[in-house]
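Q:
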Amino acid sequence: MSDIVLATHSLHKHFGGIPATQDVTLALARGARHALIGPNGAGKTTLVNLLTGMLSPSSGRIDLEGEDITELPPHQRARRGLVRTFQITQLFDTLTPLETITLVIAERERTGTRLWRPLVSERAHVDEAAGLLAMLHLGDVLRERAATLPYGRRRLLEIAIALAARPRVLLLDEPLAGVPTSESREILDTLSALPAAVTVLLIEHDMDVVFRFATRISVLVNGALLVEGPADEIARNPQVRAVYLGESRHG
Amino acid sequence: MAASAQPPTPGARMRAWEIAVWLGALAMWFIAPRYAPLFNEIAILALFAVSLDLILGYSGIVSLGHAAFFGTGAYVAALFAKHFLPDPLVGLAVAVFVSTLLGLLTSALVLRGSDLTRLMVTLGVALILYELANRFDNITGGADGLQGVVTGPLFGSFAFDLGGRVAYLYSLTVLFVLFLLARRIVDAPFGYGLRAIRDNPRRAAAIGIPVNARLTAVYTLAAAYAGAAGALLAQTTNFASLDALDFHRSADVLLALVLGGSGWLYGGIVGTVAFKLMHDLFSAWTPQYWQFWIGLVLVVLMLIGRDRVAKLLRRVVIRR
Numbered sequence: 001m002s003d004i005v006l007a008t009h010s011l012h013k014h015f016g017g018i019p020a021t022q023d024v025t026l027a028l029a030r031g032a033r034h035a036l037i038g039p040n041g042a043g044k045t046t047l048v049n050l051l052t053g054m055l056s057p058s059s060g061r062i063d064l065e066g067e068d069i070t071e072l073p074p075h076q077r078a079r080r081g082l083v084r085t086f087q088i089t090q091l092f093d094t095l096t097p098l099e100t101i102t103l104v105i106a107e108r109e110r111t112g113t114r115l116w117r118p119l120v121s122e123r124a125h126v127d128e129a130a131g132l133l134a135m136l137h138l139g140d141v142l143r144e145r146a147a148t149l150p151y152g153r154r155r156l157l158e159i160a161i162a163l164a165a166r167p168r169v170l171l172l173d174e175p176l177a178g179v180p181t182s183e184s185r186e187i188l189d190t191l192s193a194l195p196a197a198v199t200v201l202l203i204e205h206d207m208d209v210v211f212r213f214a215t216r217i218s219v220l221v222n223g224a225l226l227v228e229g230p231a232d233e234i235a236r237n238p239q240v241r242a243v244y245l246g247e248s249r250h251g
Numbered sequence: 252m253a254a255s256a257q258p259p260t261p262g263a264r265m266r267a268w269e270i271a272v273w274l275g276a277l278a279m280w281f282i283a284p285r286y287a288p289l290f291n292e293i294a295i296l297a298l299f300a301v302s303l304d305l306i307l308g309y310s311g312i313v314s315l316g317h318a319a320f321f322g323t324g325a326y327v328a329a330l331f332a333k334h335f336l337p338d339p340l341v342g343l344a345v346a347v348f349v350s351t352l353l354g355l356l357t358s359a360l361v362l363r364g365s366d367l368t369r370l371m372v373t374l375g376v377a378l379i380l381y382e383l384a385n386r387f388d389n390i391t392g393g394a395d396g397l398q399g400v401v402t403g404p405l406f407g408s409f410a411f412d413l414g415g416r417v418a419y420l421y422s423l424t425v426l427f428v429l430f431l432l433a434r435r436i437v438d439a440p441f442g443y444g445l446r447a448i449r450d451n452p453r454r455a456a457a458i459g460i461p462v463n464a465r466l467t468a469v470y471t472l473a474a475a476y477a478g479a480a481g482a483l484l485a486q487t488t489n490f491a492s493l494d495a496l497d498f499h500r501s502a503d504v505l506l507a508l509v510l511g512g513s514g515w516l517y518g519g520i521v522g523t524v525a526f527k528l529m530h531d532l533f534s535a536w537t538p539q540y541w542q543f544w545i546g547l548v549l550v551v552l553m554l555i556g557r558d559r560v561a562k563l564l565r566r567v568v569i570r571r
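Going down the list, the protein sequences come from chains A and B. For the first sequence, the numbering used here assigns the number 1 to the initial residue and increments by one for each residue that follows. For the second sequence, the numbering used here assigns the number 252 to the initial residue and increments by one for each residue that follows.
(1) Under the assumption that Asp450 of chain B contacts Leu95 of chain A (Cβ atoms under 8 Å), give the Cβ distance between them as a whole number of angstroms.
(2) Since Ser365 of chain B contacts Ala473 of chain B with CB under 8 Å, what's their CB separation in whole angstroms?
(3) Please name the residues in the segment 428 to 448 of chain B whose beta-carbon is closer than 7 Å to at least one beta-carbon of chain A, in chain order.
(4) Could you tell me the alpha carbon to alpha carbon distance between Gly16 of chain A and Ser59 of chain A, rounded to whole angstroms?
(5) Using a C-beta cutoff of 7 Å, does Asp232 of chain A count as contacting chain B?
(6) Which residues in the same chain as Val104 of chain A place their Cβ atom closer than 7 Å to its Cβ, once the five residues preceding and following it in sequence are excluded?
(7) In angstroms, rounded to a whole number, what distance separates the CA positions of Ala318 of chain B and Ile306 of chain B?
(8) Below 7 Å between beta carbons: does that hold for Phe211 of chain A and Ala231 of chain A?
(9) Opposite Leu171 of chain A in the DSSP bridges: which residues?
(10) For Val282 of chain A and Gly66 of chain A, what's the separation of their Cα atoms in angstroms?
(11) Just grab the DSSP bridge partners of Arg216 of chain A for me.
(12) Using a beta-carbon distance below 7 Å, is Pro461 of chain B in contact with chain A?
(13) Check whether the Cβ atoms of Leu259 of chain A and Pro57 of chain A sit closer than 7 Å, and answer yes or no.
(14) Is there contact between the segment 321 to 336 of chain B and the segment 507 to 525 of chain B, where contact requires at least three CB pairs shorter than 8 Å?
(15) Counting contacts by CB-CB distance shorter than 7 Å, is Ile458 of chain B in contact with chain A?
(16) Give the DSSP bridge partners of Ser314 of chain B, in chain order.
(17) Do Leu510 of chain B and Ala525 of chain B come within 7 Å of each other at the CB atom, strictly closer than that value?
(18) Hey, would you say Pro73 of chain A sits closer than 7 Å to Gly41 of chain A, going by beta carbons?
(19) Using a 10 Å radius around the Cβ and a threshold of 16 neighbouring Cβ atoms, would you call His499 of chain B buried or exposed?
(20) Kindly say whether Glu107 of chain A, judged by its beta-carbon, lies nearer than 7 Å to any beta-carbon of chain B.
(21) Check the C-beta distance from Tyr443 of chain B over to Leu119 of chain A and give it rounded, since I have them as a contact under 8 Å.
(22) Given a threshold of 16 other Cβ atoms within 10 Å of its Cβ, counted over all protein chains shown, does Ala485 of chain B qualify as buried or as exposed?
(23) Whole alpha helix (DSSP H) runs in the segment 366 to 394 of chain B with 4 or more residues, listed along the chain?
(24) I'd like to know if Asn451 of chain B contacts chain A, where contact means its C-beta is closer than 7 Å to some C-beta of that chain.
(25) Between the C-alpha atoms of Leu370 of chain B and Leu431 of chain B, what's the straight-line distance to the nearest angstrom?
(26) Cβ of His137 of chain A less than 7 Å from any chain B Cβ?
(27) What's the C-alpha gap between Thr368 of chain B and Leu356 of chain B?
(28) Give the C-beta separation of Gly393 of chain B and Pro284 of chain B to the nearest angstrom, bearing in mind that I take them to be a contact with Cβ-Cβ under 8 Å.
(29) Look at the alpha carbon of Tyr151 of chain A and the alpha carbon of Val24 of chain A, and state the distance between them as a whole number of angstroms.
(30) Kindly indicate if chain A contains any beta-carbon less than 7 Å away from that of Arg454 of chain B.
(31) If I follow the unbroken beta strand (DSSP E) through Asp63 of chain A, where does it start and stop?
(32) Once DSSP output is grouped into helix, strand and coil, what is the label at Ile18 of chain A?
(33) First and last residue of the alpha helix (DSSP H) that includes Tyr151 of chain A?
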């Protein structure tokens, strides 16, 4: 067995009597390019929320680098390198992209509690932020308020925030949702260029993207894992085709 | 591309108009010494508004009970001067210390819940303190206020005069020092972290910001500032009363801050000056019904949008 970075052990989550996550046991190897697919309402985002601590599971365990993190609050998981993007863009609307990314870097470098020197006077952080934003084609809006950016740009900034945190495990919740084709290519190229040691879990509806990016795929149906395997196997799996690909014709 | 990464704001350096504001405040001491008591009060209330801005404007914590800390600072400073030591700077430090402690203790109450919860909890804390001060009148003087407070001379040699000129310089200096400190803090990484929490607490946590710890820190800091303001009032008037803990204190400072613009430190100063001027103007004009006009201004301001009015004012005043 290869080096497991993130693992869940029979994870359950109920909302009242309604099960949202059922007995999910998942293991992500270091450097994995793993996709999580499933029809709408399968519980994909719920699973991401459980992994990042935004929800606590009804039962089960989550391990990061072999340590039990089930009880850790979201910010401590993020500090350990478990970073996510949100399906619905979550930005700091009054901050500019440059301020946002510089702040993320400052928090990553544990200088976020500094009280005296201005955030923007930390040259190394500002330069790194500007470089990352330029790479994601946000170089011309460094000083625009995030609230004023058009949708595609906001999605890019969402990705930039996650990348600036230098994740060990990156959870991408439909990163390309609603992104124009030209920009979705930038995002995919950027994600492909991530260091090999970064473990990525991708939730995505676009099958072309999934098969292009992921080497392993898990299929989630009604909160439970239906099947998991190498991408080409999943593509041929008749059960998956019936449950998921059949459904995607409507969406 | 990286070459364009100039700091977006001048950061630590003061801009020309800021220097003009402070020199103007100082000039008032020479130009209109007769009004020193009024300026003194404005400086104190401005400090109180800056304190509220730290939690409301920068961190998104709404409060209807910020007078809890103001009043605590006032009573502690007055009691300390009366029973222990009349030295104003020592008294200020003690009052700030006690308010800070109270802020730390009550910060847990504002960490969770909606804006409504926070409004009610902060209001509740201020009401409790008000009634405690009312009940324990053997210590506080109750409804009559705490009499017989004598504040000693500054640095042992500058006695507070009846004309309030020493008082104004004292309050203005404390305001200036604490304002500069706040200005550094809100532009530092810590301050940006607060803005991030205000804008989107979920996202802030997702980038590793310990939201509760940061909110505790800023709430405690704001309590210290409010306590300092209260102490200044008690020391420069040689008096502390229930008025310092009263609901109208919390409401007025909120009103002044919203008037001047929250999330901008000068908003507290601008708002306090505007509020005080309107108060004096309207009450000279119509002594019984001045609140009608304040209310009208507030409603119009909120409906037009403070940002638009502030932008207009800033364009006129600052001409950038």
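Glycine included, C-beta positions come from ideal geometry on N, C-alpha and C.
A: Checking against the coordinates, here is how it stands:
(1) Contact between Asp450 of chain B and Leu95 of chain A holds, with the beta-carbon distance rounding to 7 Å and staying under 8 Å.
(2) That belief does not hold up - the Cβ atoms of Ser365 of chain B and Ala473 of chain B are roughly 20 Å apart, past 8 Å.
(3) Cβ contacts with chain A: Arg435, Ile436, Asp438, Ala439, Pro440, Phe441, Tyr443, Gly444, Arg446, Ala447.
(4) Spanning the two alpha carbons is a distance of roughly 14 Å.
(5) The beta carbon of Asp232 of chain A does not come within 7 Å of any beta carbon belonging to chain B, so the residue lies off that interface.
(6) Beyond the five residues adjoining it in sequence on each side, Val104 of chain A comes within less than 7 Å, by CB distance, of Ile161, Ala164, Ala165 in the same chain, given in chain order.
(7) Their Cα atoms are separated by approximately 14 Å.
(8) In this structure, the beta-carbon distance from Phe211 of chain A to Ala231 of chain A falls below 7 Å.
(9) In the DSSP secondary-structure assignment, Leu171 of chain A is bridged to A:Arg84, A:Leu201.
(10) Here chain A comprises residues numbered 1 to 251, so residue 282 of chain A is not present and cannot be evaluated.
(11) Bridge partners of Arg216 of chain A: A:His34, A:Pro230.
(12) So, interface residue.
(13) In this structure chain A extends from 1 to 251, so residue 259 of chain A is not present and cannot be described.
(14) No, the segment 321 to 336 of chain B is not in contact with the segment 507 to 525 of chain B.
(15) At least one CB of chain A lies nearer than 7 Å to the CB of Ile458 of chain B.
(16) Its beta-bridge partners do not exist; DSSP assigns none.
(17) The answer is yes: Cβ separation under 7 Å.
(18) No, they are not a contact pair.
(19) A residue is called buried when at least 16 other Cβ atoms come within 10 angstroms of its Cβ; His499 of chain B does not meet this threshold and is exposed.
(20) Cβ-Cβ to chain B under 7 Å: yes for Glu107 of chain A.
(21) In this structure, Tyr443 of chain B and Leu119 of chain A form a Cβ contact; the two beta carbons are roughly 5 Å apart against a cut-off of 8 Å.
(22) The C-beta of Ala485 of chain B has 16 or more other C-beta atoms within 10 Å across all chains shown, which makes the residue buried.
(23) Within the segment 366 to 394 of chain B, complete alpha helix (DSSP H) segments of at least 4 residues are found at 366 to 386, 388 to 391, given in chain order.
(24) Interface residue, yes.
(25) CA-to-CA, the gap between Leu370 of chain B and Leu431 of chain B works out to about 28 Å.
(26) No, His137 of chain A does not count as interfacial toward chain B.
(27) So the two alpha carbons sit approximately 17 Å from each other.
(28) Actually they do not touch by this definition, with Cβ atoms about 35 Å apart.
(29) Straight-line spacing of the CA atoms in Tyr151 of chain A and Val24 of chain A works out to 33 Å.
(30) It does: the Cβ of Arg454 of chain B has a partner Cβ on chain A nearer than 7 Å.
(31) Counting along the chain, Asp63 of chain A sits inside the beta strand (DSSP E) bounded by residues 59 to 64.
(32) Of the three classes helix, strand and coil, the one that applies to Ile18 of chain A here is strand, per DSSP.
(33) Tyr151 of chain A -> alpha helix (DSSP H) spans 151 to 164.
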